[in-house]
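Comments concern the structure below.
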Amino acid sequence: MATSHTAPTRLSNLQNELLKLYAYNVSDDQLRDIRKMLADYFARKIDMEIDQLWESNNWDEQTIESWKSEHMRSQKSM
Numbered sequence: 007m008a009t010s011h012t013a014p015t016r017l018s019n020l021q022n023e024l025l026k027l028y029a030y031n032v033s034d035d036q037l038r039d040i041r042k043m044l045a046d047y048f049a050r051k052i053d054m055e056i057d058q059l060w061e062s063n064n065w066d067e068q069t070i071e072s073w074k075s076e077h078m079r080s081q082k083s084m
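Quick note: the numbering used here has the sequence shown finishing at residue 84, numbered continuously throughout.
Here it is as structure tokens:
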């Protein structure tokens, strides 16, 4: 099954905001700090969403153990 990907025609609000930063020339150290800051921000957001998912599904260590023995692949049809 083929899927087609179309490029977005408009920039996201995040892209627009980041474009504003291009007017400033920053040092390599500052650029590294900005990259780390963005990575840390998105890592925290992911952690919060994972925590919510665990709480809403009442998952625990026993859940992880049961996942280890689950067979998730479907059989290939010939």
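For every residue, glycine included, the Cβ atom is placed at its ideal position computed from N, Cα and C.
Keep in mind it's a predicted model, so treat the numbers as computed, not measured.
query	result
Span separating the alpha-carbon of Tyr-28 from that of Gln-21	11 Å
Secondary structure of Ala-13, DSSP reduced to three states	coil
Length at least 4, wholly inside the stretch 28-63: the alpha helix (DSSP H) runs in chain order	34-63
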